[in-house]
Each structure stands twice: as C-alpha cells, then as structure tokens.
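>
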Amino acid sequence: MIQVLRTPAEFKAWRKNQKGSVGFVPTMGALHSGHEELMKNARRENDVVVLSIFVNPTQFNDPKDFEKYPLTWDQDLKTAVNNKVDAIFYPRYPDMYPDEYRYKVSENSYSKLLDGAHRPGHFDGVLSVVMKLFNIVSPDKAYFGEKDFQQLSLIKGMVDAFFMHVQIVPVATVRESDGLAKSSRNLLLTKEHREMAPLIYKTITTAKSAEEAAKVLSTNGFEVDYVTDIDGRRFVAARLGAVRLIDNVQI
Ligand code: PAF
110 MIQVLRTPAE FKAWRKNQKG SVGFVPTMGA LHSGHEELMK NARRENDVVV
160 LSIFVNPTQF NDPKDFEKYP LTWDQDLKTA VNNKVDAIFY PRYPDMYPDE
210 YRYKVSENSY SKLLDGAHRP GHFDGVLSVV MKLFNIVSPD KAYFGEKDFQ
260 QLSLIKGMVD AFFMHVQIVP VATVRESDGL AKSSRNLLLT KEHREMAPLI
310 YKTITTAKSA EEAAKVLSTN GFEVDYVTDI DGRRFVAARL GAVRLIDNVQ
360 I
C-alpha cells in the first residue's frame with residue numbers, strides 16, 4: 110500500500126525501515142506524463158520510489174501565480190499508485206519552513222540569468238526547498254526533467270558544491286503530439302492560447318537565431334521574456350495571457 114507521510118519526522122521514521130536504493134521524484138503536484146516519465150525512470154532504477162508533492166511558496170516571485178497553481182491531489186494520488194510509487198511525502202508549509210525562510214541556499218551567477226533575471230528569488234526558493242527535501246528523503250538518486258534545464262543545472266551545481274550524497278538524473282522533456290512541452294501550467298491556458306502554444310517549440314527549433322525566434326513569437330501574440338542561446342542550448346520564456354511557458358532545446 111502506498112504511504113502518505115505528512116511531516117519530516119513521520120517521513121524519516123518510515124525511511125529508516127527502507128532497504129535498498131531510494132529514487133526520489135520531487136514535484137509540486139498537478140502530475141502529468143512528464144512527471145510519470147520521472148517516476149518510471151525512478152521505478153526502473155531503484156528498490157524504493159518516493160514522490161514529494163509540495164507547492165513551494167518561496168519559489169513563486171508572483172503571489173498570484175502561487176495562488177492559482179493547480180491543486181489536483183485526488184488525481185495525483187491515482188497517478189502515483191499507477192506508477193508504483195512506494196511513498197508520497199506531502200508536507201505543509203510550517204513543517205518545511207520552521208525557520209520562516211530565514212535560512213536559504215543561493216547561487217550567485219547562473220541563477221541570475223534567463224529565468225532568474227525575470228523571477229527574482231525564484232532559484233533561491235528552488236534550491237532551498239530541494240536541499241530541505243534531500244535532507245529529509247535521503248535519496249540515492251533524484252530525477253529532474255530537462256524542461257527546467259536551468260533548474261536541473263543549478264541543482265546539480267548545488268549537489269557538487271555541498272558534497273551531497275545524491276546522484277542527479279536528468280530526464281528528457283516529454284512533449285504533446287504538437288510539440289508543446291508538458292507542464293502543469295498548460296492546464297491554465299485558454300482554448301485559444303492552447304492552440305497557439307506549440308509555436309514556441311516550432312519556433313525555437315527552426316529559427317536561425319534567438320533574435321529571429323523572439324521576433325516570430327512577438328509577432329504572433331506572445332509576450333516574450335527572453336529567447337537566449339547559451340552553451341549550445343536555446344532557452345525561451347514567453348507569456349500567453351497570464352500563463353508563462355518555458356522551454357529549451359539543444360541547437
Ligand atoms: O520542478 C518543480 O516542480 C519544482 O521546482 C521542485 C523541483 C519540485 C521544487 O519545488
């Protein structure tokens with residue numbers, strides 16, 4: 110039977126009795142097939158699979174974005190069961206932040222670019238909560254999607270910088286049949302915007318330069334935060350109405 114554990118103390122007590130390797134999939138819920146791919150990888154490579162669901166307020170620079178983040182617990186539980194997850198860590202804010210976020214992990218260089226430049230404090234929130242989750246879960250391996258490539262790189266960097274005992278496993282972006290990267294935020298798109306959204310992937314894979322891609326998206330009704338090429342990858346963030354979408358591809 111799947112275990113649902115709500116406090117760090119409860120989780121750690123359960124964790125003590127687990128044998129073999131532990132694979133960990135940290136999420137904010139609203140699970141989709143991109144998350145399922147992470148769970149499948151974790152299931153294949155480990156004896157025990159742990160999923161966490163925690164909508165982490167410290168990584169939302171915009172409180173409105175936090176308030177409207179989709180909460181789909183009943184569906185998420187079914188998805189976890191279907192993917193043979195052993196335990197879900199599903200904590201509440203005061204248990205995760207007994208310090209009221211007085212302590213944080215920050216990175217001073219790469220986290221200031223791309224999404225970091227547009228979402229002040231976002232990566233401090235991500236790194237801090239991931240550090241907390243790793244300390245509670247004690248995983249052998251943790252699985253992150255390449256859709257959030259900057260997040261994945263920063264987490265790898267943190268693990269190296271702090272000599273943490275966890276292997277970070279990157280998993281390729283899962284896409285809809287029209288190319289749109291799977292994301293919990295896709296649920297928030299209007300019908301019209303959902304039809305427009307695949308242009309992001311199409312444009313970043315076909316445009317000759319980042320500038321050209323930004324121009325194509327702006328002309329077609331997107332509010333572009335950035336299209337930037339770094340180290341052989343093209344990164345994009347663009348808004349359709351109130352929904353902000355990100356993607357990246359190797360170029
Ligand atoms: O990618 C996410 O869902 C979140 O940023 C993460 C890694 C679970 C931290 O809250």
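Using my numbering, you'd call the opening residue of the sequence shown number 110 and step up by one each time. In this text, a Cβ means the ideal position worked out from N, Cα and C, and glycines have one as well.
1) Can you tell me whether Q260 sits near the ligand PAF, meaning its C-beta is under 7 angstroms from at least one heavy atom of the ligand?
2) Closest by CA to E146, which one among K125, K193, V283 and T314?
3) Any chance you could list the beta strand (DSSP E) runs of at least 3 consecutive residues sitting entirely within the segment 274 to 333, in chain order?
4) In this structure, how does DSSP classify Q359 when only helix, strand and coil are distinguished?
5) When you compare each of Q127, N155, S327 and K125 to F133 by their alpha carbons, which one comes out closest?
6) Beta-carbon within less than 6 angstroms of V214's beta-carbon, same chain only, minus the 5 sequence neighbours each way: which residues are those?
7) I'd like to confirm something about Q359: is its beta-carbon nearer than 7 angstroms to some heavy atom of the ligand PAF, or not?
8) When you compare the CB positions of N165 and G230, do they come within less than 8 angstroms of one another, or not?
9) Residues bridged to S142 by DSSP?
10) Grab the span of the alpha helix (DSSP H) containing V190 for me, first residue to last.
11) State the start and end residues of the unbroken beta strand (DSSP E) segment that holds I197.
12) Any chance you could list the alpha helix (DSSP H) runs of at least 4 consecutive residues sitting entirely within the segment 190 to 252, in chain order?
13) Kindly indicate which residue of D208, N244 and L289 has the alpha-carbon position closest to the one of I313.
14) Within 10 Å of its beta-carbon, does T167 have 16 or more other beta-carbons around it, so buried, or fewer, so exposed?
15) Bridge partners for V133 per DSSP, in chain order?
16) Using a Cβ-Cβ cut-off of 8 angstroms, state whether E285 counts as contacting chain D.
17) Quick check on this structure: which residue in D174, L140, L222 and L180 has the alpha carbon closest to the alpha carbon of V190?
18) When DSSP labels each residue in this structure, what does Q112 get in the three-state scheme?
19) According to DSSP, simplified to helix, strand and coil, what is F344?
20) To which residues of the same chain is Y252 closer than 6 angstroms at the C-beta, ignoring the five residues directly before and after it?
21) Buried or exposed, going by whether 16 or more other CB atoms sit within 10 Å of the CB of T228?
22) Should the segment 324 to 338 be regarded as contacting the segment 261 to 280, the criterion being three or more beta carbon pairs within less than 8 angstroms?
23) With a threshold of 7 angstroms (Cβ to nearest heavy atom), would Q184 be considered close to the ligand PAF?
Judging by the given coordinates:
1) Yes, the ligand PAF has a heavy atom inside 7 angstroms of this Cβ.
2) Considering only alpha carbons, the answer is V283.
3) The qualifying runs are 276 to 280.
4) Of the three classes helix, strand and coil, the one that applies to Q359 here is strand, per DSSP.
5) Among Q127, N155, S327 and K125, the Cα nearest to that of F133 belongs to N155.
6) Excluding sequence neighbours, V214 sits near L236, S237 and M240.
7) The answer is no for Q359.
8) It is not a contact, given that the beta carbons lie outside the stated cut-off.
9) Partner(s): none; S142 has no beta bridge.
10) Note, V190: alpha helix (DSSP H), W182 to N191.
11) Here the beta strand (DSSP E) through I197 covers A196 to F198.
12) Complete alpha helix (DSSP H) runs here, min 4: 202 to 205, 223 to 227 and 231 to 246.
13) Out of D208, N244 and L289, L289 has the C-alpha closest to the C-alpha of I313.
14) That one is buried.
15) According to the sequence provided, residue 133 is Phe. The question's Val does not apply to it. Its beta-bridge partners are V159 and A251.
16) Here chain D cannot be found, since the structure has a single protein chain.
17) When only C-alpha atoms are compared, the closest one is L140.
18) In this structure, Q112 counts as strand in the three-state DSSP scheme.
19) F344 falls in the strand class under three-state DSSP.
20) Taken in chain order, the residues that qualify are V134, L147, N150, A151, V278 and V280.
21) Just to set this straight, residue 228 is Arg in the shown sequence, not Thr. Flag for R228 reads buried.
22) Taking 8 angstroms as the limit for Cβ pairs, the verdict is that the segment 261 to 280 does not touch the segment 324 to 338.
23) Of the heavy atoms belonging to the ligand PAF, none sits nearer than 7 angstroms to the Cβ of Q184.
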